[in-house]
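Line by line, the protein sequences give chains B and C. When the first sequence is numbered by my numbering, its final residue is 480 and no position is left out of the sequence of numbers. When the second sequence is numbered by my numbering, its final residue is 215 and no position is left out of the sequence of numbers. Beta carbons: idealized from backbone N, C-alpha and C, even for Gly. Before any comments, here is the structure.
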Amino acid sequence: MSSRGVVWLGSPSFPDAARVALKDDQLRANLKRATGTIRDKRLTVAAELDDWEELRTAAEAIKNRTARHLDHYLVQLEESVTAAGGTVHWASDAAEANRIVTELVQATGEREVVKVKSMATQEIGLNEALAEAGITAYETDLAELIVQLGDDRPSHILVPAIHKNRTEIRDLFRAEMGHWGQPAPEDLTDEPRELAEAARRHLRQKFLTAKVAVSGANFACADTGTVLVVESEGNGRMCLTLPETLITVMGIEKVLPTWSDLEVFLQLLPRSSTGERMNPYTSTWSGTTEGDGPSEFHLVLLDNGRTDTLADPVGRQTLGCIRCSACLNVCPVFERTGGHAYGSVYPGPIGAVLTPQLVGVEQAASLPFASTLCGACYDACPVKINIPEVLAHLRAKVVEAKDGHTVEGLAMKAAGKVLDSPRLLGAAQKAAALGGRALARNGKIGRLPGPLHGWTDTRDTPAPPAESFRTWWRKNRESE
Amino acid sequence: MTSRDAILGRIRAALTDVPSEERPQDVPVPRDYRRSHTGPGQDTVALFAERVADYRATVSRTDRAGLRDAVAVALTRRRARYLALPGGFPMELLPTGSWQWHTEPLDVPALDELDGAITLAAAGIAITGTIVLDTSPGQGRRALTLVPDYHLCIVGADQIADDVPDALARLDPTRPLTFISGPSATSDIELDRVEGVHGPRTLDVIIVEPSVSGH
Ligand code: SF4
């Protein structure tokens with residue numbers, strides 16, 4: 001099975017990457033502040049709704065209904081989008097999706113596209129595929145712009161550049177913006193307001209002249225063919241409104257049965273994600289509208305491992321994820337290691353369960369172990385995905401995949417570099433299953449008691465890395 | 001085999017645990033969440049005004065008779081002189097003065113030259129402090145409220161829905177909709193909220209209420 005683009009090829013296993021990340025004080029400080037801030041905001045606005053649990057239950061049920069009848073809803077979506085003037089394409093995997101998008105762009109004769117932040121297009125490596133065809137994709141979300149200018153990787157679903165501080169961003173803008181378009185002002189300071197203004201100026205001309213845009217989708221309603229993008233900056237509105245051609249790449253699991261089902265998700269998503277009652281902008285469209293917005297709309301429905309995930313009745317619930325990132329912000333492991341350690345576009349608890357399912361457990365065998373099973377992610381998840389249950393299930397699958405190995409032996413291999421011995425890990429897993437939830441009640445763990453101390457101690461006793469990220473990246477790439 | 005058939009085939013093969021006679025409606029969805037989070041007898045207009053202002057948008061309340069003055073006050077405060085005016089906008093709402101109203105068709109470069117846009121709305125949502133535009137007469141194409149840096153939006157008190165479920169039921173999902181909750185914002189740099197990136201950096205909302213007797 002190929003890696004389907006989801007994982008960053010050649011990334012070290014989670015324990016190796018985590019070991020390096022744990023020694024980065026700046027990263028840990030940035031993350032701690034970020035996750036703590038969003039966590040508090042989320043708790044405040046979720047508490048405003050006294051039926052939060054009922055909303056979560058409804059969301060879970062809607063996603064369950066959708067998954068159990070996914071073929072029905074996708075066919076219905078195809079009909080309604082087509083009736084509204086859009087064109088629907090089906091892509092089995094990353095390569096096919098990239099080919100479809102590339103050909104659609106080529107058909108317009110354009111060599112540039114503007115992009116709205118989209119997990120699906122990151123997953124398939126669309127920007128790289130377009131670049132190979134001589135097409136430049138400009139990321140327009142501020143954080144994605146920071147990641148793109150830095151030739152970096154996103155480290156968080158919601159705030160992908162959270163591993164960078166303001167001074168690093170200022171330096172990056174000064175050094176790199178000129179290579180992509182409008183340069184940053186000479187006297188740019190590291191004030192967030194000035195940095196945002198520099199991004200506005202840098203992208204303005206691109207928005208006003210772009211002929212083709214590529215987006216993802218947060219939801220699509222099967223009954224009406226309505227597609228939604230939820231955002232904050234207005235870069236989404238620019239991409240969805242001004243170009244002549246709009247190409248949207250959407251995972252097949254994003255379909256919802258009806259327009260009115262959105263009443264649940266539009267309450268849960270902004271509050272769980274940015275901790276706001278509502279995000280600044282939500283755009284919806286059904287096909288094309290005469291005289292307003294793109295005259296051509298293409299919807300690319302992406303499988304890329306999702307049907308494999310669907311086939312597992314335990315793992316299936318993972319497809320309900322609305323990418324709010326709440327589980328990242330409460331995860332004690334994520335808070336310490338950051339997103340890069342997960343080696344995939346999907347970091348944190350959701351990444352630990354989604355990535356191995358999309359690519360096959362044997363491709364990401366250490367990820368199901370990247371958790372203390374504390375359960376904070378399950379409590380935070382607005383669609384009630386039982387991440388600890390799926391993690392435990394995937395651990396068993398990893399064991400099966402490595403036929404003939406004992407649980408302990410395998411666990412040692414997967415996590416042995418962080419947890420010093422199989423004895424510790426076995427005990428840790430038992431302890432985590434029994435009482436671990438209490439360890440991270442506030443989303444924080446200090447030095448852990450008992451068998452888990454081996455893991456937490458790592459932060460204070462740095463060991464020299466075997467090799468730098470760059471070195472093994474290059475080495476592993478070359479051995480492809 | 002096309003990819004469409006392959007994917008649909010894989011989905012059907014993946015769902016062997018779903019009984020063949022099960023229909024989508026057979027999967028229960030408990031809907032015992034609230035239709036609205038407003039309290040009994042709560043003043044939803046006041047709530048809407050407060051929640052919109054929470055996003056650092058400026059909100060004013062007036063009645064029909066005071067509307068032209070309220071528009072003049074907002075435009076004067078923002079020093080907005082050259083304004084995009086959507087087709088179908090009721091001309092009697094416009095104040096007289098030194099403002100220049102630019103009517104459609106307006107292409108993107110023309111919009112980029114203007115100070116702002118003045119529009120009506122399709123709906124408001126009290127609990128979330130959201131206004132919704134659906135491009136009906138008086139609201140303009142989506143670009144009109146996107147490219148200029150200032151948006152002045154007039155919402156009728158009777159257009160304000162209590163909460164999200166009620167608002168979605170009022171809206172037409174086949175039209176392009178824009179839900180707006182405050183001005184454009186980002187928190188991408190060290191999570192410091194900065195108002196104003198690509199969308200209009202300034203948002204003013206005027207709520208028009210029925211005339212109070214004796215006013
Ligand atoms: S798993 Fe749940 S909490 Fe995590 S990103 Fe997805 S929806 Fe949000």
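Cutoff 8 Å; reference residue i; Cβ partners in own chain excluding five residues on either side
i, result
"B:G178", "A184"
"B:L172", "I146, L149, G150 and K164"
"C:E113", "Y82"
"B:Q267", "L49 and L55"
"C:H102", "Y82, L83, A84, L85, A110 and L114"
First and last residue of the uninterrupted alpha helix (DSSP H) at residue i
i, result
"B:G351", "G348 to V359"
"B:G524", "There is simply no residue 524 of chain B to check, as chain B begins at 1 and stops at 480 in what is shown."
"C:I11", "S3 to A14"
"B:K41", "D25 to A47"
"B:S272", "L262 to S273"
"B:L195", "P192 to T209"
"B:W52", "W52 to R68"
"C:W99", "Premise fails: C:W99 is in no alpha helix (DSSP H) and is neither H nor E."
"B:W180", "R166 to W180"
"B:E123", "M119 to E123"
"B:I100", "A94 to T108"
Cβ pair residue i, residue j closer than 8 Å
i, j, result
"C:A121", "C:D204", "no"
"B:L158", "B:S325", "yes"
"C:V132", "B:E263", "no"
"B:V498", "B:A220", "Residue 498 of chain B cannot be examined here, being either before or after the span of chain B that is shown, 1 to 480."
"B:N30", "B:I169", "no"
"B:S215", "B:V230", "no"
"C:D166", "C:S36", "yes"
"C:H151", "C:G116", "yes"
"B:G339", "B:S80", "no"
"B:N235", "C:H198", "yes"
"B:G343", "B:F14", "yes"
"B:S260", "C:L168", "yes"
"B:L367", "B:L74", "no"
Residue range of the unbroken beta strand (DSSP E) whose run includes residue i
i, result
"B:L484", "Outside the displayed span of chain B (1 to 480) sits residue 484 of chain B, for which this structure offers no information."
"C:G116", "G116 to L120"
"B:A137", "T136 to E139"
"B:H89", "T87 to A91"
"C:L85", "Y82 to L85"
"B:M250", "T245 to G251"
"C:R61", "T58 to D63"
Buried/exposed call for residue i, threshold 16 Cβ in 10 Å
i, result
"B:P451", "Unreliable placement is indicated for B:P451, whose pLDDT of 31 sits below 50; no coordinate value is reported for it."
"C:D162", "buried"
"C:P30", "exposed"
"B:Y281", "buried"
"B:Q122", "buried"
"B:E233", "buried"
"B:R206", "Residue identity differs from the one stated: residue 206 of chain B is Lys in this sequence, not Arg. With 16 or more other Cβ atoms within 10 Å, it is buried."
"C:Y82", "exposed"
"C:A46", "exposed"
"B:G60", "Before going on, a small fix: residue 60 of chain B reads as Glu here, not Gly. Flag for B:E60 reads buried."
"B:E290", "exposed"
"B:W285", "buried"
"B:K32", "exposed"
"C:S187", "buried"
"C:A185", "buried"
"C:M1", "exposed"
"B:A91", "buried"
"B:E194", "buried"
"B:D16", "buried"
"B:E96", "buried"
"C:G87", "exposed"
Neighbourhood of residue i by C-beta distance below 6 Å, restricted to the same chain and skipping five residues each side
i, result
"C:F48", "G124, A126 and I160"
"C:R12", "none"
"B:P270", "E276, M278 and N279"
"B:I38", "G275 and N329"
"B:A67", "R316 and L319"
"B:D190", "R166, T167 and R170"
Sequence-distant residues of the same chain with beta carbon closer than 7 Å to residue i, five excluded per side
i, result
"C:S211", "D63, R64 and A65"
"B:E467", "Per-residue confidence for B:E467 stands at a pLDDT of 39, beneath the threshold of 50, marking its modelled position as unreliable; the derived number appears in the next sentence. If we look at B:E467 and ignore the five residues flanking it on each side, it has no Cβ neighbours."
"B:C331", "G348, P349, A376 and C377"
"B:G134", "R111"
Output needed in chain order: residues of the region 172-191 of chain C with a Cβ under 8 Å from some Cβ in chain E. The structure shown contains no chain E; its protein chains are B and C.
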